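Residue numbers (my numbering), protein chains in the order written: chain A, 96 to 583; chain B, -16 to 311; chain C, 7 to 283. Here the structure is laid out as structure tokens; the discussion comes afterwards.
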Amino acid sequence: MNRPFKFSLLIPVLLASATNAHAARIGELTDSSIVEQALRFFTFQDPTVRFALAGTILLGITCGLLGSFIVVRKMALVGDALSHAVLPGVAFGFLWNMSKDPVAIFIGATVAGLLGAAAVHLIRHTTRLKEDTALGLVLATFFAVGVCMLTMIQRLPTGNKSGIDKFLFGQAAAIGAGDLKLMAVITVLAILAVMLFYKEFLVTSFDSDFARSCGFATHVIHYGLMLLVAFAVVIALQAVGVVLVSSMLITPAAAAYLLTDRMHWMLFLSAIFGMLAGAFGAFFSFLGPGLPTGPFIVLGATTVFSIAFFLGPKHGVITRWFKQRSRSNRIQRENTLKSIYHVLENRSFVGESVSLRELAERRRETLEDARIQSKALARHGLATLHEDGNQIFLTPGGWQLACSIVRNHRLWELYLTNAADFAADHVHDDAEKIEHVLGDEVVRAIERRLKYANRDPHGKPIPSLEDVQRGAAPRARREDSVGYGSSI
Amino acid sequence: MTQLIPAFDFHQVIVAPWSQDAAGTFPIVLMGFLVGAACGLVGTFLILRRMALVGDAISHSVLPGIAIAFLLTNSRGTLPMFIGALAAGIVTTLLIEIIHRKTRVKQDAAIGIAFTSLFAVGVILISLYASKIDLDQECVLYGEIGFIGLEEGITLGGINFSPQLIRMASVTLVVAALILIFYKELLVSSFDPALAFSVGINASVVHYSLMCVLSAVVVSAFESVGAILVIAMLILPGATGSLLSQRLPRVMGLAVLHAAMSSVMGLHLATWLDCSIAASMVVMGAFLFAFAWIFSPSQGIIQRFIRSKPKLDEPPADLPAAEKSAVG
Amino acid sequence: MDSKRTSEVLSVPTPQPPESAAEVPLEIHDLTVSYHKKPVLWGIDVVVPPGKLIGIVGPNGAGKSTLIKAAMGMLPVSSGWVKAFGKPVKESLTRIGYVPQRESVDWDFPVSVMDVVMMGRYGHLGLLRRPSRHDRQVVLECLDKVKMLPYANRQISNLSGGQQQRVFLARALAQESDLYFMDEPFAGVDAATEAAIVTLLHNLRDKGKTILVVHHDLPSARQYFDMLLLLNMRVVAFGETKTVFNYDLLQATYGGRLTILSEVADAVHARESGNGR
């Protein structure tokens, strides 16, 4: 688990040092076209761009890391409440010396966030109201207080131009050098905390009762995490805005949750996704005048989540659908091979090809269906088609698969009749299903149990392992050579 | 600081709004009351069903519905707005369901993902088509209840009832009527879905109907209080009511009372501090909640404090008999 | 007959402090716990002897889980105290192992079997320390003991109920404790796992560990445990299984609810009188 963390610790340090240039505010770039703006963005010459990008990336890392714990602790909506609750703190911080002093706003917002968390805790423990109600209540009330204060500030002569309203939806271009330094400090703090207290966070998140029985102070760890989350929310305010910060905590982490089964990889992926979303938002809000950054960051995060949701290798919806489809296609192919084998077997393996008509009759389907199936076999290199696709020859690979399927089927039938005392006419349907999923080892074990018997309950020969490996029509057995001419 | 908080002038703050500017004040207070009452009635059921945060989600995600309705019809008509909001509300509910069902992401995270994404789409649409959509970002957040009464409508007794006001009044009445008619279904399916199923109430129909009503209420409240303060309007009245009573009809009555009181008090607070009226109403609503929280005769903090220590000198009556000496 | 049996129970000797170990693993004195002003446990007085496998039995809502949680100092208590190994329980937590109920955790959590068992070592690690090679070795051994070694790198949601319970047991083993609390370790596991767990518990007991197990199945409780603690809000009886497991005391423990269990109880009663015990 160490590698991803060490690696990620480097990023904020690099960013913070690289962008230690002079600050310049955006504003004079409003007339340039989208393409020009995009070019400007990617040359990184504009300090505003560098500041915005560095800031959004830093907050992406912090929110991603802490958000992972938020998601696995099922506290997603606590993050939401906390992020709305900081608004009055932002206003207080601003009132402290009537300017957007990052430190004052940071302190004010953190205090407000923690007050909000405490209020939720109090309401839950002293009333019958449930957690969701308490969260919604605190969220909206604190937000309303914040809105009251903001409208009062904007009425003031100095307040009007302060840009404090940018805290609602975020404007990455407004990130200054002071903000950036604060962000770097918090990011390093978050990464260090997660690295140093990884096992404490892990065990309390997974099983808090057990953690307490080991002597961990779960409340301290919980509130420590809440404090870090409050920090993360506050540094994200400037770029993402109060309303949408919770998305940065939840969405990248949820996307990572879909992609991995290990906490440390989830933390790493989530931080990466947060960075990507941050950069995405910084870029798009840079393209046009007056575009807020927050919603674009959220869209970036949602895009990542959607990709994980649809295409994730394990849990992706489309991936699972494809897997299911390819499985049913495989079963379909194997059944066709088996039918070809049966046709040839009925002819005592005289001749090497099967006509489409024979196949269709055997499978009781139309010629057209048989043609589609034979083409599928050809596509997978299991058969070759001749005479305009009317004659099907099995390739060595096709023979191998056909023999092993028939072998699985007949061994299973024999096993059920011999070992499990099923009647011989009751075993076919079950064998139809299991023949596609039996593994090599199981088949060999069954064969051993059955003492290498070579006839199924219906008296048909069971292809041997040699037959399967040879990749051709099975040879007649020595002891029952009657009626089975070799085709080779 | 004196610039920020004006001196409290009793006449200016308490009397003047009603004596000098009644025609301006009354529609605002009435609107605040109607929004609070409609939201409070629906919100009581949300609280009961532990869906307060689904309310939060829907109140955010009606925004893209409204924005798209604006863009498509180029008007601020009532019908397109309602349809847009309903669609957005249902999309949100479905999205939450799908994310929660199809993956191992838990419901809380699913709610968070769904509403932030939709809200972001809404904000982007508004800022991209700022010239076409008659909404600004701040209005989205805390509404413009002060301008509600300005449009010409029906004048009664010297007071102008603007179309918005009339619309909100009809929504409130419809909500109250629906709750009255379907009270039994709502109650049963909220308390015990299994029982509801056994007496033939389709819980998911009730669920989605409630979501539709919620979307309708949220969208009609949207103009006056914005997307986020709506949450307060949804939760505060019901929460305050349930602190004071345990019986549902009484809780709903208290919720309506709460809406009226916070509306009036909020107006005066906003007059005094000269800040957002809708936010002030919420702040006063929260004040009322805190008041109930502290002084409630049945579950208030003070009451709790008085009865804090249980009497544990005597064993409880239903304790099984046992020979103490048998204890090892 | 009845009076004789009762007197037998009454004369259950208070377990003597063992000469060798010289310390009592668990001593609970006058413990009372209440939830929302209603008492859940009342005046619990128990002195647990070392090297015993003890079942905690009682009806639903009798406070079985509450008792072990309170004994570990995880719940606020209204009165009384708990000592483990002669010290306040908070100071001897490193010598206590715990198996919570399986449903108490989210099995979708992104950790592997190995990670979960490693959590058993966390209590010994202390702040800022990371698991060493020795810890890893212990974890692998514990996994082997519960036959879960082949699954070490699996994500925990891909396990059956019995396998999940084995993982929890392995984690408790990794704690290398002298006193174990287990909350319904047999709930929802397959027969093979149940047998394996019993063997494991007996092995632990034979090594001198003390194990308290919350259990809800009466007939098997009789077979599995050396001693039984019959609990219904208060301790109804605590003693050797063969003395405590009788009709009267079970009746006293389960009260009116014994009707549900009357078949079991009748069978027990019949067997006991048949055996002339």
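Glycine residues also receive a C-beta, built at the ideal position from the N, C-alpha and C atoms. Note that the structure is a prediction, hence the values are computed from the model and not measured.
Three-way DSSP call (helix, strand, coil) for residue i in this model
i	result
C/L206	helix
C/Y41	strand
A/G407	coil
A/I345	helix
C/S118	strand
A/V522	coil
A/P569	coil
C/V46	strand
C/Q161	strand
B/I81	helix
B/P0	helix
C/N66	coil
C/P82	coil
Identified DSSP bridge partners for residue i
i	result
A/Q486	A/S450 and A/H481
C/L32	C/V54
C/M188	C/V105 and C/V219
C/F244	C/L235
A/R550	A/P556
B/I137	B/F144
C/P94	C/K89
Residue interval of the alpha helix (DSSP H) (run including residue i)
i	result
B/M391	Outside the modelled stretch of chain B, which goes from -16 to 311, sits residue 391 of chain B, for which no answer is possible.
C/T90	Checking the displayed sequence, the identity of residue 90 of chain C turns out to be Ala instead of Thr. That residue, C/A90, is in no alpha helix (DSSP H); its beta strand (DSSP E) goes S85 to A90.
B/I96	Q90 to L111
A/D274	A272 to L291
A/E131	I129 to T138
A/F164	P142 to V167
A/K470	L462 to R474
C/R177	G167 to A180
A/F368	M358 to L382
A/L182	L182 to N192
B/T316	The requested residue 316 of chain B is not part of the displayed model; chain B covers only -16 to 311.
A/C498	P491 to A514
C/D254	Y253 to Y260
B/T223	A186 to L227
Check: residue i C-beta below 8 Å from any heavy atom of the ligand ATP
i	result
A/T151	Judged by which ligands are present, the structure shown has none, so any question about the ligand ATP falls away.
Local Cβ density within 10 Å of residue i, reported as buried at 16 or more and exposed below that
i	result
C/W48	buried
A/R502	buried
A/A116	Note that A/A116 scores 36 on pLDDT, short of 50, meaning its location in the model is unreliable; the coordinates nonetheless yield the value given after this. The residue in question, A/A116, is exposed, as its Cβ has fewer than 16 Cβ neighbours within 10 Å.
A/H359	buried
B/P232	exposed
B/L178	exposed
A/Q132	buried
A/V532	exposed
C/Y157	buried
A/V289	buried
A/T282	buried
A/E561	exposed
A/W507	buried
B/L256	buried
A/K195	buried
A/R422	exposed
Rounded Cβ spacing between residue i and residue j (contact assumed at less than 8 Å)
i	j	result
A/L354	A/A403	5 Å
A/V233	A/V329	At roughly 17 Å, the Cβ-Cβ gap does not stay under 8 Å, so A/V233 and A/V329 are not in contact.
C/V123	C/L155	In fact, because the Cβ distance is near 10 Å, the residues do not count as touching under 8 Å.
C/V30	C/G92	7 Å
B/V154	B/V200	6 Å
A/L462	A/L451	6 Å
Terminal residues of the beta strand (DSSP E) in which residue i lies
i	result
B/F144	I142 to F144
C/G61	L59 to V63
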